[in-house]
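Numbering (my numbering), first residue to last: 4 to 387.
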């Protein structure tokens, strides 16, 4: 495993390193941990990366790793950097033949995402995108229930991601995460909607498989002086006639990482909350509500079971879900190394097409909001 980003003061890079090595299927052995060469090398001991594989830039990392025998090179690279760098870094590694796991959103804008998808198709590398909430066992259980028809035809999806950490102008302090996430030059065209609404949207797509048709969105920066949205809501029309809503906030008092989703079908409904991830509510008209628990019994399918590590009653959460995305990517990397065919579109991990879908969601949400909430086409050729 190689890591780009994650230097001193970063958050998500450490998460990637833990998730990628949690099941002992990979070891972190190389990294370009910062865009500042001195900081990059100074951060290496924090990850137990030896000095000779602590690189000052991602290009230096590519050049040096390619000089190693094939069996000694990193098998994949995790990109855990600010949004505006995802494209150039991911593209460079993919074109050099390295498998890539990239943080979301996939790129800075839709055009970059579409181009990156072409690069991945041309090079044949395995490419994952860490919409990590798809890794929770009960999220995967919900997906299986939809696909088996247990909930009937899906009519409505409501997804929310509510935070409060940007209630004040935190970006004017020395808070690194707030600074780049609210900067359009580094974050992209959207703030809150690009940062967390994409997770809510992806979660709905992952569970239901519904194909989006059109979107109407309203995004707003409530905090005075902020350049990008800190609140937004969108209505989505799906091609099957169903409706969806996505609401995201980073200015709601006292809220932490309150991501939740509700799915209504003709035969039943589910409700799942990320802050209480080890249970899911299942409702069917005229019947008592059921509480499904992670690893709770024979009512859970094989997919949820394979996504669980410890007995029910011992909580599993964010890091384990993140690791489940990595595990699914690893399965395809092994197939590629063995010279066997793989199909990321049929795997459980979000792939480059899902990344393009997420960038299209951001792009059309911003366009709709700028046009007074006018309906914009959301369907994209990448949708699966």
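For every residue, glycine included, the Cβ atom is placed at its ideal position computed from N, Cα and C.
Just tell me which of 100, 300, 176 and 329 has its CA closest to the CA of residue 30.
-> 329
Taking Cβ positions, are residue 366 and residue 154 nearer each other than 8 Å?
-> no
Helix or strand or just coil, what does DSSP make of residue 225?
-> coil
Below 8 Å between beta carbons: does that hold for residue 80 and residue 32?
-> no
Comparing alpha-carbon positions, which option in 94, 380 and 272 lies nearest residue 62?
-> 94
In the DSSP assignment, what residue or residues form a beta bridge with residue 276?
-> 263
8 Å Cβ cutoff met for residue 185 and residue 231 | yes
Rounded to whole angstroms, how far is the Cβ of residue 263 from the Cβ of residue 277, which I believe are closer than 8 Å?
-> 6 Å
Identify the continuous alpha helix (DSSP H) that holds residue 60 and give its terminal residues.
-> Annotation for residue 60: no alpha helix (DSSP H) segment contains it, and DSSP assigns it neither H nor E.
Look at the alpha carbon of residue 49 and the alpha carbon of residue 43, and state the distance between them as a whole number of angstroms.
-> 11 Å
Closer than 6 Å by C-beta to residue 219: which residues in its own chain qualify, once you throw out the five before and the five after it? Chain order, please.
-> Excluding residues within five positions, the ones whose Cβ falls inside 6 Å are 238, 371, 376 and 378.
Quick one: what's got a C-beta closer than 8 Å to residue 1's C-beta in the same chain, skipping five residues either side?
-> For the chain, the structure presents residues 4 to 387; residue 1 sits outside this window and is missing.
Residue 180: first and last residue of the uninterrupted alpha helix (DSSP H) it sits in | 179 to 184
4 or more residues per run - each alpha helix (DSSP H) lying fully within the segment 119 to 166 = 140 to 151
For residue 167, which residues from the same chain have a beta carbon less than 6 Å from its beta carbon, with the 5 sequence-adjacent residues on both sides left out?
-> 255, 256, 257 and 258
Identify the residues that DSSP records as bridge partners of residue 234: which are they?
-> Beta-bridge partners assigned by DSSP to residue 234: 223 and 252.
Hey, out of 347, 321, 228 and 351, whose CA is closest to residue 261's CA?
-> 321
In three-state terms, what does DSSP make of residue 105?
-> Of the three classes helix, strand and coil, the one that applies to residue 105 here is strand, per DSSP.
Beta bridge counterpart(s) of residue 239 as assigned by DSSP | DSSP, once it has assigned bridges, lists 218 and 247 as partnering residue 239.
So, helix, strand or coil for residue 81, using DSSP?
-> In this structure, residue 81 counts as strand in the three-state DSSP scheme.
Secondary structure of residue 30, DSSP reduced to three states = coil
Could you check where the beta strand (DSSP E) with residue 283 kicks off and where it finishes?
-> From DSSP, the beta strand (DSSP E) with residue 283 extends over 282 to 286.
The segment 157 to 166 in contact with the segment 84 to 99 per 3-pair CB rule at 8 Å = no
Report the residue from 355, 248, 280 and 207 whose alpha carbon sits nearest the alpha carbon of residue 221.
-> Ranking 355, 248, 280 and 207 by CA distance to the CA of residue 221 puts 248 first.
Does the Cβ-Cβ distance between residue 143 and residue 356 come in under 8 Å?
-> no
Buried/exposed call for residue 69, threshold 16 Cβ in 10 Å = exposed
If you compare alpha carbons, which of 104, 207, 210 and 183 is closest to residue 12?
-> Nearest of 104, 207, 210 and 183 to residue 12, Cα basis: 183.
Residue 4 and residue 35: beta carbons closer than 8 Å?
-> no
Only counting runs of 4 or more residues, tell me where the alpha helix (DSSP H) segments fall wholly within the segment 277 to 343, in order along the chain.
-> 305 to 309 and 321 to 340
Between which two residues does the alpha helix (DSSP H) harbouring residue 7 extend?
-> Unbroken run through residue 7 is the beta strand (DSSP E), 5 to 8; no alpha helix (DSSP H).
Measuring CB to CB, does residue 40 end up less than 8 Å from residue 60?
-> yes
8 Å contact criterion, which residue 122 and residue 101 should meet: CB distance rounded | Not quite, the Cβ-Cβ distance comes to about 12 Å (not below 8 Å), so this is no contact.
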